[in-house]
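Using the numbering used here, you'd call the opening residue of the sequence shown number 564 and step up by one each time. Note that the Cβ used here is the ideal one computed from N, Cα and C, for glycine as well. Every value quoted in this text rests on a predicted model; they were computed, and no experiment measured them. Single-structure report; data block below.
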Amino acid sequence: MVIASSVPFNCHGGEEREGCLSCPWRSPRTMNSSEFRRRGKEMTDFVADYLDGIEGRQVYPDVQPGYLRSLVPSTAPEEPDTFEDIINDVERIIMPGVTHWHSPYFFAYFPSANSYPAMLADMLCGAIGCIGFSWAASPACTELETVMMDWLGKMLKLPEAFLAGEAGEGGGVIQGSASEATLMALLAARTKATRRLQAASPGLTQGAIMEKLVAYSSDQAHSSVERAGLIGGVKMKSIPSDGKFAMRGSALQEAMERDKAEGLIPFFVVATLGTTSCCSFDSLLEVGPICNKEDVWLHIDAAYAGSSFICPEFRHLLNGVEFADSFNFNPHKWLLVNFDCSAMWVKKRTDLIGAFKLDPVYLKHSHQDSALAVAAGPKVSLSEDVVCF
Numbered sequence: 564m565v566i567a568s569s570v571p572f573n574c575h576g577g578e579e580r581e582g583c584l585s586c587p588w589r590s591p592r593t594m595n596s597s598e599f600r601r602r603g604k605e606m607t608d609f610v611a612d613y614l615d616g617i618e619g620r621q622v623y624p625d626v627q628p629g630y631l632r633s634l635v636p637s638t639a640p641e642e643p644d645t646f647e648d649i650i651n652d653v654e655r656i657i658m659p660g661v662t663h664w665h666s667p668y669f670f671a672y673f674p675s676a677n678s679y680p681a682m683l684a685d686m687l688c689g690a691i692g693c694i695g696f697s698w699a700a701s702p703a704c705t706e707l708e709t710v711m712m713d714w715l716g717k718m719l720k721l722p723e724a725f726l727a728g729e730a731g732e733g734g735g736v737i738q739g740s741a742s743e744a745t746l747m748a749l750l751a752a753r754t755k756a757t758r759r760l761q762a763a764s765p766g767l768t769q770g771a772i773m774e775k776l777v778a779y780s781s782d783q784a785h786s787s788v789e790r791a792g793l794i795g796g797v798k799m800k801s802i803p804s805d806g807k808f809a810m811r812g813s814a815l816q817e818a819m820e821r822d823k824a825e826g827l828i829p830f831f832v833v834a835t836l837g838t839t840s841c842c843s844f845d846s847l848l849e850v851g852p853i854c855n856k857e858d859v860w861l862h863i864d865a866a867y868a869g870s871s872f873i874c875p876e877f878r879h880l881l882n883g884v885e886f887a888d889s890f891n892f893n894p895h896k897w898l899l900v901n902f903d904c905s906a907m908w909v910k911k912r913t914d915l916i917g918a919f920k921l922d923p924v925y926l927k928h929s930h931q932d933s934a935l936a937v938a939a940g941p942k943v944s945l946s947e948d949v950v951c952f
């Protein structure tokens with residue numbers, strides 16, 4: 564099921580030749596702008612009809628594992644299918660195996676948000692197609708992300724330290740998931756702790772420090788927190804929660820004291836606001852001061868519940884965020900935007916720069932020392948090879 568073949572864009576040195584099937588805008592095998600307009604309207608109708616009628620679809624498919632392979636060719640087609648055939652295949656082959664997350668009868672997992680404005684925005688983003696890994700790569704892309712993350716931070720009433728503003732030290736960046744945000748925070752905290760310890764004891768090697776670093780989270784934390792520890796190569800310990808499934812300050816302090824007595828070095832804590840299992844909340848007002856006193860990075864994972872903090876009646880659940888070094892929640896759960904959109908803020912974006920910055924010659928540009936380019940907002944992603952500000 565292929566709409567357009569892969570053909571060289573620079574065929575004949577950029578000059579199209581009549582009858583050449585490799586010239587992309589003349590080839591009968593490719594979609595030109597006229598057909599795109601027509602098919603775009605058809606796809607819009609298909610999507611609207613799907614969502615209008617989703618209530619009547621079976622929410623969870625009754626197919627068996629491996630059902631799809633026998634229904635599609637074993638190799639890619641030599642020639643493209645028609646648009647009509649593809650849409651028919653979607654309905655005949657794909658839809659029977661789809662779990663309809665947007666159905667009003669879907670109650671598993673967290674909600675998967677979307678909306679018509681979000682879908683139109685995705686279409687525009689796909690058309691522009693810029694990769695905003697640095698200010699020079701797309702100034703508007705980089706600056707708009709920074710400004711809108713400030714908007715969102717203000718809606719949550721985050722402390723001023725988390726906002727980029729015109730000259731702030733903090734700022735926000737869109738990650739792919741809360742799992743990614745937790746890992747980014749852990750790696751930044753690991754680098755910060757390592758450099759601090761090496762500055763105090765120049766003879767310490769990174770390996771010697773790494774084997775002593777220890778991080779903490781509630782036993783109710785998402786599995787991605789433990790996975791971040793595995794990827795980061797550090798010990799991740801679970802703190803037993805109380806009767807309300809919350810991590811308390813006393814339990815965290817006891818664990819830290821035990822570990823320090825054994826020669827370990829606490830450096831990172833994840834507090835969860837809205838756990839996956841039961842939407843419990845760790846005690847930020849207890850955990851936060853301990854982290855600040857111990858010089859331990861505090862990351863808040865509010866992936867699920869974070870959207871609710873925009874509502875004044877729920878904002879008190881975020882009290883204590885002022886103690887955190889980083890904060891994350893997922894607009895793609897409650898705020899009607901498509902996956903993936905995970906918002907992350909840090910108090911000091913230099914902590915992320917210091918952990919991830921690479922400066923290869925092919926990414927240098929004439930404005931990279933500009934205050935605006937530097938302060939344009941942290942763009943740190945696991946899928947990119949640079950940190951962009």
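CA-to-CA, the gap between ALA918 and ALA748 works out to about 10 Å.
When beta bridges are read from the DSSP output, ALA834 appears opposite ILE863.
Contact between the segment 692–705 and the segment 645–654 is absent, with fewer than three C-beta pairs closer than 8 Å.
A check of alpha carbon separations from LEU683 across VAL736, ALA611, HIS663 and ALA763 identifies ALA611 as the nearest. In the DSSP assignment, the residues bridged to ALA778 are MET799 and PHE831. According to the DSSP assignment, GLN761 belongs to the alpha helix (DSSP H) that extends over 741–763. Closest in C-alpha terms to PRO852, from the list GLU876, ASP888, SER871 and SER870, comes ASP888. Shown here, SER633 sits in a helix according to DSSP, grouped into three states. Comparing alpha carbon positions, the residue from LYS823, ARG790, VAL788 and SER781 closest to LYS807 is SER781.
For GLN738, the secondary structure class from DSSP, reduced to helix, strand or coil, is strand. With a threshold of 16 other beta carbon atoms within 10 Å, ASP845 meets it and is buried.
By the 16-neighbour rule on beta-carbons within 10 angstroms, ASP608 is exposed. By the 16-neighbour rule on beta-carbons within 10 angstroms, MET819 is buried.
Considering only GLU654, PRO640, PRO659 and LEU614, the residue with the shortest C-alpha distance to TYR630 is PRO659. Taking 4 residues as the minimum length, the alpha helix (DSSP H) runs contained wholly in the segment 650–723 are 679–691 and 702–718, in order along the chain.
Counted as a single uninterrupted DSSP element, the stretch harbouring ALA868 is not any alpha helix (DSSP H), since DSSP gives it neither H nor E.
DSSP places ALA771 inside the alpha helix (DSSP H), whose first and last residues are 769–773. The closest CA to that of PHE890, considering only ARG753, TRP908, LEU881 and VAL833, is found on TRP908. As the crow flies, the alpha-carbon of PRO667 is around 53 Å from that of ALA771.
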